[in-house]
Amino acid sequence: MNRTKIISKGMFLILLFVFAVFAPFAFGEVIPEDPTKGGQLLVSKGCAKCHALRGEGGKVGPDLGKIDLGDTQLNLAAKIWNHAPSMMTEMESTGMIKPILTGQEFAEISASLYFLGFFDEPGNPVKGRFVYAEKGSFLCHPSSGKGSAGAPGLDRFPKNVSPAFLSQAIWNHCSDMIVRMVEIGMKWPRFWEKEMMDLLEYIKTNATGVEEPAFFKPGNPKEGKQIFTSKGCIQCDSIRGEGARGGVDLGEKAETF
Ligand code: HEC
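So in our numbering, spot 232 of the sequence shown is number 232, and the numbers just go up one at a time.
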């Protein structure tokens with residue numbers, strides 16, 4: 001076989017691989033149930049031999065926890081396509097046999113990679129202390145005990161305080177907070193750039209409350225979809241066209257052609 005034929009055969013095989021892997025997304029959405037499963041596959045399929053995940057693992061390829069994956073599955077397919085030739089060369093040179101992945105396995109791996117991107121880089125607690133003062137958080141939440149209106153001090157926040165905890169607390173208590181701010185004549189503070197991450201890190205240095213078991217495990221996207229409906233989010237917002245019009249389409253990052 002001449003060189004052109006070998007290359008086109010190689011490209012055809014890669015195309016077939018990308019197609020096989022992404023077919024489940026094209027012909028019916030696969031919503032993964034546990035993003036940690038893909039993390040185990042990254043190890044068992046040998047990806048971790050060459051790739052680190054947020055600092056831990058191989059150094060031959062780029063750290064998969066730090067690269068820009070693009071917003072959609074097809075963006076990821078394009079990235080894999082572009083890097084496939086060098087990846088194959090690397091695998092050959094180390095004598096590694098190319099792992100075979102089923103569509104489901106690839107769905108798990110990509111869910112896990114996108115999930116890693118969901119975590120922010122840790123904030124800076126010193127800057128967070130400044131944010132806490134500047135936004136007036138201390139007016140209701142002292143660093144220990146209870147505030148004058150009964151709001152918990154930072155030491156009552158769970159030891160494993162997480163972004164999910166903060167979002168939940170903000171969502172559940174925002175009406176009380178708005179009322180209180182109107183009472184004391186305070187403007188609703190706004191957060192920009194890394195301020196929320198810095199504040200979280202500062203809260204962590206003070207939090208000594210009981211750990212929240214709900215925040216140990218990553219969420220289950222499939223159940224999340226049901227909650228989006230059962231809590232009524234779908235009555236105002238939508239996900240990729242499914243839900244109300246006029247609100248925010250939370251899936252709108254997907255490309256439209
Ligand atoms: C033998 C080493 C090796 C193995 C095993 C390997 N990769 Fe790679 N991978 C690389 C190298 C090297 C690159 C960078 C290639 C380049 O720069 O063109 C890369 C690039 C990538 C990229 C693109 C990164 C970017 O910057 O956009 C992705 C995504 C990726 N690999 C995923 C995987 C997955 C998933 C597996 C396991 C199923 C895997 N790789 C297994 C070596 C490997």
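Glycine included, each C-beta is placed from N, C-alpha and C at the ideal position. The structure displayed is predicted, hence computed values, not measured ones.
From the options, residue whose alpha carbon lies closest to that of residue i
| i | options | result |
| --- | --- | --- |
| Ile184 | Ser137, Pro158, Val161 | Ser137 |
| Ser167 | Met196, Ser144, Pro142 | Met196 |
| Trp192 | Val131, Phe228, Thr229, Arg245 | Val131 |
| Leu101 | Pro163, Asn160, Leu41 | Leu41 |
| Phe115 | Asp198, Glu33, Ile97, Gly57 | Glu33 |
Between the CA atoms of residue j and residue i - distance to the nearest angstrom
| i | j | result |
| --- | --- | --- |
| Gly95 | Thr72 | 32 Å |
| Lys204 | Glu92 | 46 Å |
| Gly65 | Leu53 | 5 Å |
| Thr229 | Ile31 | 15 Å |
| Ile109 | Glu121 | 21 Å |
| Gly123 | Lys135 | 16 Å |
| Ala169 | Lys187 | 19 Å |
| Gly219 | Val182 | 35 Å |
| Gly241 | Ile234 | 10 Å |
Cβ-based neighbour list, residue i, same chain, cut-off 7 Å, excluding 5 preceding and 5 following
| i | result |
| --- | --- |
| Lys247 | It is worth fixing the name first, because residue 247 is Gly in this sequence and not Lys. Cβ within range, chain order: Cys236, Asp237, Ser238. |
Neighbourhood of residue i by C-beta distance below 8 Å, restricted to the same chain and skipping five residues each side
| i | result |
| --- | --- |
| Pro62 | His51 |
| Ala78 | Gly70 |
Beta-carbon contacts of residue i that lie in its chain and below 6 Å, excluding the five residues immediately before and after
| i | result |
| --- | --- |
| Pro99 | Lys45, Gly46 |
| Ser112 | Pro35, Gly38, Gly39 |
| Ala151 | Cys140, His141 |
### Query
Between the region 193–209 and the region 147–156, do three or more beta carbon pairs fall short of 8 Å?
yes
### Query
Contact between the region 72–88 and the region 132–150: three or more CB pairs below 8 Å?
Judged by pairs of C-beta atoms under 8 Å, the region 72–88 does not touch the region 132–150, as fewer than three such pairs exist.
### Query
If you scan the region 42–79 from start to end, which runs of the beta strand (DSSP E) of 3 or more residues do you find wholly inside it?
none
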